[in-house]
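Residue numbers (the numbering used here), protein chains in the order written: chain A, 1271 to 1497; chain B, 228 to 517. Down below is the structure, laid out as structure tokens.
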Amino acid sequence: MKKLSAFDIIGPVMAGPSSSHTAGALRIALIACRILKEPVVQVDFLLHGSFSDTYKGHGTDRALVAGIMGYPTDHPDIPRALAIASEKKIVYSFETAPLTPSMHPNTVSMTAQGASGRRLSLEGASIGGGEVIITRINGIEVSFTGEYPTLIVQQLDRPGVAAHITSLLAGSSINIGTIRMYRHEKGDAAYTILETDEPVPPELIASIAAHAAISDVFLISFETSSG
Amino acid sequence: MFYLGEQLLQTCSQRRCSISQVMIHQEADLFSTPEVAIRQRMHDQWQVMQQGIQLSLEKPRTSMGGLIGGEGIKLMHRVHNNTSLCGQVTGKAVAYAMGLLEVNASMGIVVAAPTGGSCGILPGTLKALQETFEWSDDQVVSGLFNAAAIGTIIFHNATVSGAEGGCQAETGSAAAMTASAICELMGATPETSLHAAAIALKNVMGQVCDPVAGLVESPCQKRNGLGAANALISAEMALAGITSIIPFDEVVAAMGEVGRSLPETLRETARGGIAVTPTACRLKKQLADR
Chain A
1271 MKKLSAFDII GPVMAGPSSS HTAGALRIAL IACRILKEPV VQVDFLLHGS FSDTYKGHGT
1331 DRALVAGIMG YPTDHPDIPR ALAIASEKKI VYSFETAPLT PSMHPNTVSM TAQGASGRRL
1391 SLEGASIGGG EVIITRINGI EVSFTGEYPT LIVQQLDRPG VAAHITSLLA GSSINIGTIR
1451 MYRHEKGDAA YTILETDEPV PPELIASIAA HAAISDVFLI SFETSSG
Chain B
228 MFYLGEQLLQ TCSQRRCSIS QVMIHQEADL FSTPEVAIRQ RMHDQWQVMQ QGIQLSLEKP
288 RTSMGGLIGG EGIKLMHRVH NNTSLCGQVT GKAVAYAMGL LEVNASMGIV VAAPTGGSCG
348 ILPGTLKALQ ETFEWSDDQV VSGLFNAAAI GTIIFHNATV SGAEGGCQAE TGSAAAMTAS
408 AICELMGATP ETSLHAAAIA LKNVMGQVCD PVAGLVESPC QKRNGLGAAN ALISAEMALA
468 GITSIIPFDE VVAAMGEVGR SLPETLRETA RGGIAVTPTA CRLKKQLADR
């Protein structure tokens, strides 16, 4: 069961009106922004369930665009996010779709393109109180919350990759809370997702990324001034 | 780590400490953070909460849908004129809670407690009581940790999401958290806190989430007012020695079960309840055409 913080319940500090439809939506898009690691030039959002029914009135559209631009949940410009995105020539769209049976009632999927042409598809659910779960990255089913420092290792499914990652973390005395590998098929593209107890410094991320079978490493963490 | 009210009470009694202390110890253990930093972060959030109340009383704000604005100010007139039917404490608590919801509805900065749609209840009620009993900010911060402990139990065993459990899961949980915090701040035992929380949750068991035009405005704002009053009367009953016949953990489980059995139309989709009355449909259309 999830390690729940007092600040998951009292918090986040957020622009209203809805922790699940505004703050949670923003966090899902913010995770996409962190994974893409470059300014987004185009993004298409597909809203399911309660998101699709009520997104305009909850400012979900502004929150998602704010998140994709990297804003924290308490950024004062969230209400103006759509206008700011247009000024920055970011192309965005919103479509609605029904829930599939396995989806949480508040689910959004998105396809984003970065300035270099790099693309990312991501699906996440906002599960209440601003808490989120990322459920899919580039078509691969995953499950993580972004609540703890989270390392996402994009790799080929080859022997020795996990050992490479864990020995480097151990060498820096970083404790691993959870580790899981997600893949389509044996030998194929895969993600190893690790939640750590301590923050992971940038130089360590670079060392992890140096492995031949690893194509990229992303670090997700919501730890900011306001948490 | 505690997942149930029963475990929380055991820990309190073993360590001879309050619910808020157990919550702070657990937070320090789980996230390897010093207690002083944890308290400071909650202090900062209490500042944001108080700023929100202040802001709501300055002038009416424009909400996203324009359905609400200025309600906290109207209620405070009656409190200031000593004409409030509810008296000073409840009068203020309701006014502050509704004012904060207005800040939230205008995309202002609030602290989810536990959600944005229920963000007025906990701070509004504690602020009204702080002014009456002259509690220090440190004391209120302890109350907020007590409230967080109750919220974590509800989160683990039911839900705090309107989309999953209806309004009972949002404003009901907020009222339960607040009622529990009040009891600790009034010097009562952890058992009393859990009785108060159970009573508050039972009082709104089954309450649906049916926002007009899908906005967190109506009836959400008034249910924040109700949540403040619910927290106060539930705490009052528990402080008087009145117990919840059904234990807190069983009430939480029942709330989760009721939430799951609510049709999707009554879980924050704006497709049932108040949201589909003729007037709500007309307002929704007006807003869409705007």
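All residues carry an ideal CB built from backbone N, CA and C; glycine is no exception.
Which class does residue i belong to by DSSP, given the choice of helix, strand or coil?
i, result
"A/A1299", "helix"
"B/Q434", "coil"
"B/S369", "helix"
"B/V387", "coil"
"B/Y323", "helix"
"A/A1459", "strand"
"B/T532", "Beyond the ends of chain B as shown, which are 228 and 517, falls residue 532 of chain B; an answer cannot be given."
"A/D1486", "strand"
"A/M1451", "strand"
"B/D364", "helix"
"A/S1495", "Low confidence applies to A/S1495: its pLDDT is 34, below 50, so where it sits in the model is not reliable, and the reading given next is rough at best. Three-state result, A/S1495: coil."
"B/M291", "coil"
"A/M1380", "strand"
"A/A1395", "strand"
"A/H1434", "helix"
"B/E495", "coil"
"B/G486", "helix"
"B/T342", "coil"
"A/E1308", "coil"
"B/I336", "strand"
Does the beta carbon of residue i come closer than 8 Å to any beta carbon on chain A?
i, result
"B/R450", "no"
"B/Q272", "yes"
"B/M325", "no"
"B/V280", "Reading off the sequence shown, one finds Ile at residue 280 of chain B, where the question assumed Val. For B/I280, the answer is no, since every Cβ of chain A falls outside 8 Å of its Cβ."
"B/E391", "yes"
"B/P417", "no"
"B/S461", "no"
"B/E233", "no"
Just to check, is the beta-carbon of residue i closer than 7 Å to a non-hydrogen atom of the ligand PLP?
i, result
"A/T1436", "Among the ligands in the structure shown, none appear at all, so the ligand PLP cannot be discussed."
In angstroms with no decimal places, state the Cα-to-Cα distance between residue i and residue j.
i, j, result
"B/L231", "B/D476", "6 Å"
"B/P287", "B/S333", "10 Å"
"A/A1293", "B/A385", "21 Å"
"A/F1414", "A/D1331", "23 Å"
"A/I1410", "B/A406", "44 Å"
"A/A1482", "A/S1275", "37 Å"
"B/A207", "A/R1350", "With chain B covering only 228 through 517, there is no way to say anything about residue 207 of chain B."
"A/N1376", "A/I1407", "17 Å"
"B/M432", "B/M482", "6 Å"
"B/A264", "B/G326", "29 Å"
"A/Y1325", "A/H1291", "7 Å"
"B/G341", "B/P417", "According to the sequence displayed, residue 341 of chain B carries Pro and not Gly. About 20 Å."
"A/R1297", "B/S363", "34 Å"
"B/C447", "A/S1322", "20 Å"
"A/L1392", "A/A1299", "9 Å"
"A/V1431", "A/T1381", "28 Å"
If I follow the unbroken beta strand (DSSP E) through residue i, where does it start and stop?
i, result
"A/F1414", "I1410 to F1414"
"B/F229", "Neither: B/F229 is in no beta strand (DSSP E) and is coded neither H nor E."
"A/S1363", "V1361 to A1367"
"A/T1405", "E1401 to I1407"
"A/M1284", "V1283 to A1285"
"A/H1374", "No beta strand (DSSP E) holds A/H1374; DSSP gives it neither H nor E."
"B/L412", "No beta strand (DSSP E) contains B/L412, which is instead part of the alpha helix (DSSP H) from S400 to L412."
Against chain B, does residue i count as a neighbour if the rule is that its beta carbon must be under 8 Å from one of theirs?
i, result
"A/P1287", "yes"
"A/P1282", "yes"
"A/T1366", "no"
"A/T1494", "Confidence at A/T1494 is low in this model, with a pLDDT of 41, below 50, so the placement of that residue is unreliable and no value is reported for it."
"A/L1274", "yes"
"A/P1375", "yes"
"A/T1219", "Coverage of chain A is limited to positions 1271 through 1497, which leaves residue 1219 of chain A absent and any answer about it impossible."
"A/L1277", "Checking the sequence shown, residue 1277 of chain A turns out to be Phe, not Leu. It does; some Cβ of chain B falls within 8 Å."
"A/G1387", "no"
Give the range of the alpha helix (DSSP H) segment to which residue i is assigned.
i, result
"B/R266", "E262 to E285"
"B/Q253", "I246 to F258"
"B/H307", "E298 to H307"
"A/S1214", "Since the first and last residues shown for chain A are 1271 and 1497, residue 1214 of chain A lies out of range."
request  = Could you run through the region 250-266 of chain B and flag, in chain order, every residue whose CB is less than 9 Å away from some CB of chain A?
outcome  = M250, I251, Q253, E254, L257, F258, S259 and I265
inquiry  = Counting only Cβ-Cβ distances shorter than 8 Å, please list the residues of the region 1337-1367 of chain A near chain B, keeping chain order.
reply    = D1344, P1346, I1348 and P1349
ask   = At a Cβ cut of 8 Å, what residues of the region 364-385 of chain B count as close to chain A, listed as they run along the chain?
value = L371, F372, A374, A375, A376, G378, T379, F382 and H383
Under 8 Å (Cβ pairs) to chain A, residues found in the region 425-444 of chain B = P438, A440, G441, L442, V443 and E444
request  = Report the residues of the region 1451-1484 of chain A with a CB closer than 7 Å to any CB of chain B, ordered along the chain.
outcome  = D1467
ask   = Of all the residues that make up the region 327-355 of chain B, which are near chain A by a beta-carbon distance shorter than 8 Å?
value = V330, N331, A332, S333, M334, G335, I336, V337, V338, A339, A340, P341, T342, G343, G344, C346 and L349
task = Could you list the residues in the region 1306-1320 of chain A with a C-beta less than 8 Å from some C-beta on chain B, going in chain order?
result = G1319 and S1320
key: Proximal residues, the region 1293-1305 of chain A versus chain B, C-beta separation under 8 Å   = A1293
ask   = What are the residues of the region 1397-1417 of chain A that lie near chain B, defined by any Cβ-Cβ distance shorter than 9 Å?
value = I1397, G1398, G1399, G1400 and E1401
request  = Output, in sequence order along the chain, the residues in the region 468-496 of chain B whose CB is closer than 9 Å to any CB in chain A.
outcome  = E491, R494, E495 and T496
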